[in-house]
Each structure stands twice: as C-alpha cells, then as structure tokens.
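Protein chains in written order, with my numbering: chain A, 1 to 213; chain B, 1001 to 1213. Note that beta-carbon positions come from the ideal geometry of N, C-alpha and C, so glycine has one too. Shown next, in structure tokens, is the structure this report addresses.
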DNA sequence: CCGGTGAGTGCACGGTCGTGCACCCGGGGC
DNA sequence: GCCCCGGGTGCACGACCGTGCACTCACCGG
C-alpha cells in the first residue's frame, strides 16, 4: 500500500494524490474492456490494491470518477489542438499537418481517446454531457481559428459553426477508425489517406460555399 | 405467461416466436438506460415475465441477443435507405429529401437508432463488429448509387468510397445529434438546418473535386 | 391415442456487487 | 510530545448475478 521507493518522506497529500492517480489509471484501463457502466467499484479497488470502501475517500461514485476522467482526457486533446494551431496556417499543407498530429496523439494517448469514443454515446448521463460539452468547446475553438483565415472573411458566424462541426465530427470518426483498425500499418495508412481526401473535399466545398446561397 | 387474448389456438412455434420478440423488445428498452454490457439476463427475464433459465431456450447469451438486435435494427435502416433511393436522383433537392426521410425514420425507429449509436462504440465485441460490418455495407450501397449519377462518371472507385464514407459518417452524427437533442422542436430544426448545409458543402466539394488532384 | 419433445418452472449453488460501521494508526499542526 | 484528522482496514449485510439440474405439462407427429 505504501512504496516510498527510497527513504523519501512523501507527505500525506502526496500519498493521497498517488492513490487518486492509481484509481484513475486503473479505471481507464479496466473500462477499456467494456464501458464505465459495466465497471464495478470493487474491480477498481482490487486493481489499485485498496479495500473497496477506501474508494469513497476519493470519489463519490463511479460516475464522478468518469467525469474526472473526461476532464483528464480533454487535457490531452487540448494539447493536441494547441500543437495543430502552432505553425502558420498556410493553406497548402494544413490538412496533412493536422492529420499527422491527430494520428500521433491518438497513438500516444490511445486510452484517453478510446475512453471518449466509448463513453460519448454509452457512458453515464453526467459523463456523456461532460463529453458533449467539451466537444462543443473544441468546435468553438476551431471556429475562432477559422475566422482568422482571410478566406473566411465574408462568412457568417453560423457558417463557421457549421463547418467546424463538420470538421470535428470527421476528426472524431477518423480517430475512432484508427483505434478500431487492425494494427497492420497499411490499414492505418488507408484510413489516413481517406481522412486527408475527405478533409480536402470539405475545404474545397467550403471555399466554394459563400459564392452561392 | 400465456395470453391467447381470445379462443385463438396459437401453435407451439407461434408462442416461441412471441416470447422471442418479447425478449428482443425488453432488451432494446432496458439497454436504453445504459448499454448492453450493463444488461443482465435476469433483468430481461423479469421484464418479459419468464424465469431466468428460460432465456437460454432462445439465446445463448446477452451478446448473441445483441447480434440479433443489430440484424433487426438494420432492417429498419435499410428500409430508410430504400425510401431515400426511391424517387428520381435529381440533384436539386436530393439533400433536403434525404435528410427529411432520415429525421422521420429516426423518430419512428428511435430505439433502434439509439441502440446502434450506443453499441457501435461500447457494445460487446461481436456486436461492435456486426454493426461496423453493416455500416460498411451501407457505404458500399451509397457508393453504387452515387456511381449511377452522371456527375461522377470520371470518378475512381476509391473516390466514391471516400465520399460515401464521409456522407455516412455525417448522417450517423446527425442521427445521434437528433436523438441527443432536447425534445424542443426548434433545437431539432437547428440540427436539421446544420445537416443540410453540411451535406451541401460536401457535395459542392465533391463536384469540384476531380478537377484538381 | 400415446409417447416424445421442448418451452417454461423452481430451487439451489457460489460469486460479486454496493455500502454501512467500527476501527486502526501514522503524519502534521498545536 | 500530545492529539486529532483522515486515508485505509475488516467485517458484515442483503441484493443480484449467471448457471446447473431435475421437473412439469401442453403441443404435435406417429
């Protein structure tokens, strides 16, 4: 239960935080087999190596744990968005760069992305709501980024929202596809190529959009 | 346990089929609260009004039940695709017609669409695979439909696949949004308008696609 | 009419679940 | 140096879980 790993003193608060982390990690891993709604408090406790009732010292319920996992997962995801935003928004290769970064982050934070994809539709209500809210924030962020491009000057806020929504949903679907795909590298290559072409199609449509309507 | 509802004789096979239906209906309703993976055989049996062990006379496991529900759900969904395909594929209002039909079917077969959206990412492995396979078939169907349009004559099979994939994922996302949305009719209106605009953007992009590359 | 078949029953088992309660004991403020 | 706060323990409970087994009894084919 206690592993100072050396004569390190390790304060009270540090020990608590370490247990909390262990619970979050265990829940992320165990829920990967099925879903949060099929995860029992006792499984988590056993994996962590604490007695079931000690769980309540950190979270009120599995659902509350899930909300904390959502927060944590979206920290990864926002880091990804920051990476994508970094670098000039020249139109030429923005598509390739963005998808490359997406793929890289999906691999590096696989369990977080899997968690979001699963619980987005099947998690406990509070978790679902938290995820949808975060995704909406991502869409808004993307919309303000798009608004900064000169090509979108004549666009309405509504058009920006619609385009952002489309792009985000395509990226979510691509992330899901990558994670679902067999680990063969050619399968992933194909998914990436498809995503590239789709994103380009969407951007071409967007560029020719305002001219009508 | 037996409700002939009148002096109707009702054969052996009919009674069995009726119980099977009741099990499928109960599972569809009960799994709506959370997910298949959190659904117990005993809950289903109690809802149906049979003893738990009698469940095995109809399905080997909850997972097998889930696969049967996938089959059934996609019968609804194929009916929708048939509706959309019926009527001439004139380009002018194909977008509006398609989305109208989608919305109508989502409302009429709400529980089936909810089931697919949930279990697609979080269901038991066999259920997930079955759903992905069916969606892939839908994409192929759409691709062959698109191939019949004169505008796609110069397209490669690969391009058709990519576009179909994009359209289907947008429709899945739209269906999810409609079901998630509050029942206020104006919220649904907004989703529908967004979906229309997105589909038009995609089609505009597709029409201007082959000209480059 | 008679015998077999198979949907549904009743009971029992070992296991897991969430949670309440009294308790322990070591770090940290006084 | 003492005391208390709080993370972690141990136990017990009633409920629910999947499943095995022996059983009933109404149906249908012979």
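Anticipated Cβ contact below 8 Å, residue i with residue j, distance rounded
i               : j               : result
residue 179(A)  : residue 114(A)  : 6 Å
residue 137(A)  : residue 1198(B) : Contact flag wrong, Cβ pair sits at about 20 Å.
residue 1194(B) : residue 135(A)  : Wrong, their Cβ atoms sit about 14 Å apart, outside the cutoff.
residue 214(A)  : residue 109(A)  : With chain A running from 1 to 213 in the structure shown, residue 214(A) is simply not present.
residue 169(A)  : residue 1169(B) : 7 Å
Residue i versus residue j: straight-line alpha-carbon distance, rounded
i               : j               : result
residue 1100(B) : residue 1152(B) : 24 Å
residue 58(A)   : residue 42(A)   : 14 Å
residue 23(A)   : residue 47(A)   : 8 Å
residue 1125(B) : residue 1105(B) : 27 Å
residue 1208(B) : residue 1164(B) : 16 Å
residue 140(A)  : residue 1087(B) : 38 Å
residue 17(A)   : residue 68(A)   : 13 Å
residue 1187(B) : residue 1181(B) : 7 Å
residue 205(A)  : residue 112(A)  : 32 Å
residue 123(A)  : residue 1085(B) : 35 Å
residue 1044(B) : residue 1129(B) : 23 Å
residue 1077(B) : residue 1173(B) : 15 Å
residue 49(A)   : residue 117(A)  : 28 Å
residue 1034(B) : residue 133(A)  : 20 Å
residue 98(A)   : residue 1052(B) : 52 Å
residue 61(A)   : residue 185(A)  : 39 Å
residue 148(A)  : residue 1159(B) : 31 Å
residue 81(A)   : residue 73(A)   : 13 Å
residue 1142(B) : residue 1064(B) : 29 Å
residue 40(A)   : residue 1039(B) : 14 Å
residue 10(A)   : residue 20(A)   : 15 Å
residue 1096(B) : residue 1196(B) : 7 Å
residue 1177(B) : residue 1025(B) : 24 Å
Residue i: contacting residues in chain A (beta-carbon distance under 9 Å)
i               : result
residue 955(B)  : The structure shown does not extend to residue 955(B), since chain B is modelled only from 1001 to 1213, so the question has no answer here.
residue 1064(B) : What residue 1064(B) touches in chain A: nothing, since even the nearest Cβ is about 16 Å away.
Exposure label - residue i; buried when at least 16 CB within 10 Å
i               : result
residue 183(A)  : exposed
residue 1092(B) : exposed
residue 37(A)   : buried
residue 31(A)   : buried
residue 1066(B) : buried
residue 1075(B) : exposed
residue 1079(B) : exposed
residue 1056(B) : exposed
residue 157(A)  : exposed
residue 1029(B) : exposed
residue 1015(B) : exposed
residue 1120(B) : buried
Chain-ordered neighbours of residue i on chain B, where CB pairs are closer than 7 Å
i              : result
residue 209(A) : 1201 and 1204
residue 173(A) : 1169
Where residue i meets chain A, residues with beta-carbon distance less than 8 Å
i               : result
residue 1166(B) : 170, 198, 201 and 202
8 Å Cβ cut-off: residues of chain B touching residue i
i              : result
residue 176(A) : 1121
residue 192(A) : Ordered by position in chain B, no residue passes the 8 Å Cβ test against residue 192(A), which lies about 12 Å from the chain.
residue 126(A) : Correct list: empty, because the minimum Cβ distance to chain B is about 13 Å.
Where residue i meets chain A, residues with beta-carbon distance less than 7 Å
i               : result
residue 1118(B) : 121 and 122
Give me the subset of the stretch 1011-1035 of chain B whose CB atoms are less than 8 Å from a CB atom of chain A, sorted by chain position. 1034 and 1035
Short of 9 Å Cβ to Cβ, which residues in the stretch 1144-1167 of chain B face chain A? Hits within the stretch, in order: 1158, 1159, 1161, 1162, 1163, 1165 and 1166.
For the stretch 36-60 of chain A, which residues have a beta carbon sitting closer than 8 Å to at least one beta carbon of chain B? 37 and 38
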